[in-house]
Amino acid sequence: MHLFLSSIFSVLILSSALDTIPADQPLTYGNTIISSGGKFELGFFSPGTSRKWYLGIWFNKVSVQTVVWVANRDTPLNDKNGMLNLTKQGNLTLQNGSGRVIWSSNSTRHVQNPIAQLLDSGNLVVRDTTENYLWQSFDYPCDTALPGMKLGVDLKTGYGYFLRSWKSRNDPSKGEFSWVIDPHGLSQPFVMNGSIERYRSGPWNGRGFSNAPSQLPSPGYNYTYVSDPEKVSFMYQLRDNSIFARVVMQLNGVLQLSIWNNQTLNWDGFVSVPADNCDIYGQCHTYGLCNSGNSPICRCLDKFEPKDPTEWARRNWSDGCVRKTTLNCRKEVKFLKHSGIKLPDTRFSWYSPGVTLNACEELCLRNCSCMAYANPDITGTNEGCLLWSDELMDIRELGASGQDIYIKLDSSELGNSSGEKLKKLRISLPLAASGLLSALCLILYIRQKKKKDQSQKCFNEDKSFVTRMRSYQLFCTNESKDAELDLPFFDFATILDATDNFSLNNKLGEGGFGPVFKGVLENGQEIAVKRLSRYSAQGTDEFKNEVIFIAKLQHRNLVKLLGCCIQAQEKMLIYEYMPNNSLDWFLFDRDRRSLLDWPKCFHIINGIARGLLYLHQDSRLRIIHRDLKPSNVLLDIDMNPKISDFGMARSFGGNETGAMTTRVVGTYGYMSPEYAAEGKFSVKSDVFSFGVLVLEIVSGKRNRGFLHPDHHHNLLGHVWILFKEGRVLELIDTQLRQSRNLSEIQKSVHVGLLCVQQCPEDRPSMASVVMMLGSDVALPLPKEPGFFNGRIRFTEADSSASKHGETSVNELSITQLDAR
């Protein structure tokens, strides 16, 4: 039932007049400003013994005041002289006694005759007369999740809808504990103590989260879980709407579902997590198995042993367990099934819903980095493949409610059965046939090569070589003869020896293309081998793209490609080795961040700018990178930046500067608004990404997932606010504030804001950026950045073009490439 406020205030809501509501006025009207007419009320309250006042929503008809949402949780009123306004633009504003706005709904969609309404779900909304919401409190949760409230992550903006505990019973400001959904790998909820994992619910299994209780109390519930390229969200609904229920992130770090008991006039707690010692994240660490019914509660998985037996005996399990027999990719491996367990942490996993369990096993067998596989879905389907490429963490025994996992072991650990021999035969026969085909293609290639007396090249116009490439589904472009690439071709055996058979000890990281391994050639040269994963989101087009572009580009701030390797289904790129890893390895790590002083940071910023200038203007082709981010900036031994990963790059000739695409690729947080929204990309798309990168370097904060207690803007919006208020120094990372070059840092922030402006035409070229960074020229004032408020905004020109059918974008897809 949807009702407006009581009649004395309905004029305020319906007419959007600027009448004010003093904080103490509601005392005359039952502490109510707005009533839903049923379950909830909105008004001013003072918690516990506090003398501060807050605007909040609480349960109606519940004898114990239970607040479920607080508007100004971090900016309280010091007395009762507060006023709540609904402006003609549809903004709810809360002012203190002096008239200063201390909280606002910050709605950017302006309509005539907006209406504020407290729904019977507990959701405070501002809407127009056609029921379109301009703003809703459900988008800004506090410590309580009500039925119908969505929690999760908007993958477009990085904005998270999560619960955060109160600081104390007398202080509703943000506390230490939070409940979040981590979207990395196969998404899963966590209870966090600051940045430390406290409890993990496990991934969605088709009916619920694998370690969450399978049932709520009678009369039941409905779960809604959504995971797609745009969002990950979770919501619960009670089937009986007369029940008063809530899920609260409590002060002590316990997430609890409770239901109001009309007989005892109290909240009855039904479900709480963490519930026991085995719920504590990583209690038995890697490859350890926790069972709260055992003593001690931790043991190692079968075929594993304690890494430190002495400490393990003392019940210090922090070192976890290790394999009794180390895996070797050249030796035969098998899988041991473990049943009835909570699946390990899935943040470093890969998942495909359309792969059968048998195919999943083959994928894991063929990938040296794969440690285990499972089907996370328990609804009866035999499809769904989850692969782990890192050590298995946070496993516990659940019995009948648990799931199955298949862990890779050396074959010597397990006996041979006739069934496994048949399975081995089914796998080996296709591999043998593939090897025979490879040998025949190689013979044809060598014969044709001798006839034409050409040196080895990764790509050429030889018909036999094109045939060979196509036999591996690698279609090469038919470029002119002057575009031939003199690129060495490495044989597979050389790469195997150099990387010690792709040993996990040599693994540098993994991205959308696949894993990257360090190697050492016979002559002592260190290399980095980028190995295309068979289940990678990228494929042969990106492989070809990177070889064509990067082999033609020569610049000190671009990574150097040494060669490539193609063997059967294996496709690899061999690069110069970067001993200092990537920029994000330093930038977003608390300890390594201290190694980046301002001179190094400014050197890196300038190097990236010069690299982009070369791509946009000075190279043979005009190149748009399309995926510039810290993980794609590598650092050599002298901390010189080198732009890498050209799998998404596009080239242009002549005076072309941009194009349209129906397949948006890249990483949210670094994409320009026009590219993310409509598929338009140009050199100014890279300029936008560069601006984001500069602001991240200066602040030490990620744009994607940025959170601030005072507002809900992303990093770009936060920097914009500080810049307008002359408070840029507050943005600068603590380590950099000690620099004597604060003016240079402030100039870099200014340049960064110029690069991330909403309209591409307003952004400078990279030539201008290099000049601005290297001189004392006067800088123009920047305009509002793109994605301000974390939303995609369109200019009038964009809107009119769409109306007249001048642009059309279909089947937009996103490739997330956060790791190297």
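FYI, the numbering for the sequence shown is -23 to -1, 1 to 797, going by mature numbering (1 follows the signal peptide of the UniProt record, and there is no 0). We treat Cβ as the ideally placed atom computed from N, Cα and C, and that holds for glycine.
In the DSSP annotation of this structure, the continuous segment of the alpha helix (DSSP H) that includes Ile698 starts and ends at Leu692 to Lys701. With contacts defined by Cβ atoms closer than 7 Å, His262 and Trp294 form a contacting pair. Residue nearest to Leu132 within the set Ser164, Ser326, Asp381 and Asp568 is Ser164 (criterion: CA-CA distance). For Thr471, the enclosing alpha helix (DSSP H) starts and ends at Phe469 to Ala475. By the Cβ test, the stretch 202 to 217 is in contact with the stretch 114 to 132, since at least three Cβ pairs between them sit closer than 8 Å. Distances from the alpha-carbon of Phe623 to those of Asp51, Asp604 and Gly694 put Asp604 closest. Within the model, the alpha-carbon separation for Asn229 versus Arg567 is close to 26 Å. Where Arg343 is concerned, the enclosing alpha helix (DSSP H) starts and stops at Leu334 to Arg343. Contact annotation: the stretch 490 to 505 touches the stretch 551 to 561, with at least three C-beta pairs closer than 8 Å. Per the C-alpha coordinates, the member of Ile722, Ile543 and Phe700 positioned closest to Ile674 is Ile722.
Three or more Cβ pairs closer than 8 Å define a contact, and the stretch 151 to 165 falls short of that threshold against the stretch 36 to 46.
The stretch 199 to 208 makes no contact with the stretch 377 to 384; the number of CB pairs closer than 8 Å stays below 3. Of Arg599, Gly361, Pro556 and Ser662, the smallest CA-CA separation from Pro618 is found for Pro556.
The three-state secondary structure of Trp575, taken from DSSP, is helix. About 5 Å separates the Cβ atoms of Thr70 and Asn62, confirming a contact at the 8 Å cut-off. Fully contained in the stretch 514 to 565 are the following beta strand (DSSP E) runs of length 3 or more, in chain order: 538 to 544 and 547 to 553. With a minimum length of 3 residues, the unbroken runs of beta strand (DSSP E) contained wholly in the stretch 78 to 166 fall at 78 to 81, 92 to 95, 101 to 104, 110 to 113, 128 to 131, 140 to 145 and 148 to 159. Annotation: Phe247 to Asn239 spans about 15 Å, alpha carbon to alpha carbon. In this model, Leu96 and Trp244 are separated by some 22 Å (Cα to Cα). For Phe665, the enclosing alpha helix (DSSP H) starts and ends at Val660 to Ser676. For Ala654, the uninterrupted alpha helix (DSSP H) run begins and ends at Pro650 to Glu655, by DSSP. Going by DSSP, Thr287 is part of the alpha helix (DSSP H) stretching over Pro286 to Ala290. In the displayed model, Asn73 falls within coil according to three-state DSSP, outside both helix and strand. Each of Asp739, Ala654, Met743 and Val754 was checked against the Cα of Glu761, and the nearest Cα belongs to Asp739. At a Cβ-Cβ threshold of 7 Å, Cys337 and Cys306 do not count as neighbours.
The beta-carbon separation of Phe467 and Gly357, rounded to 46 Å, does not stay under the 8 Å limit for a contact. In the DSSP assignment, Glu174 falls within the beta strand (DSSP E) that extends over Ile173 to Arg177. Looking at Gly584, Tyr591, Asn49 and Arg627, the one whose alpha-carbon comes closest to that of Met616 is Gly584.
Counting only residues of its own chain and dropping the five nearest sequence neighbours on each side, Leu320 has a CB closer than 7 Å to the CB of Gly179, Pro180, Ser187, Ala351, Pro353, Gln380 and Ile382. Rounded to whole angstroms, Asn83 and Asp253 show a C-alpha spacing of 42 Å. Ser272 is classed as exposed because its beta carbon has fewer than 16 other beta carbons within 10 Å across all chains shown. A contact between stretches requires three or more CB pairs, one per stretch, nearer than 8 Å, and the stretch 658 to 667 meets this requirement with the stretch 728 to 742. If the five residues before and after Tyr328 are omitted, its C-beta is found closer than 6 Å to the C-beta atoms of Leu163 and Leu363, all from its own chain and listed in chain order. The beta strand (DSSP E) runs lying completely inside the stretch 231 to 265 and spanning 3 residues or more are 232 to 238 and 243 to 250, given in chain order. Between Phe658 and Tyr652, the alpha-carbon positions lie close to 5 Å from each other. One alpha carbon belongs to Ser172, the other to Phe154, and they sit about 9 Å apart.
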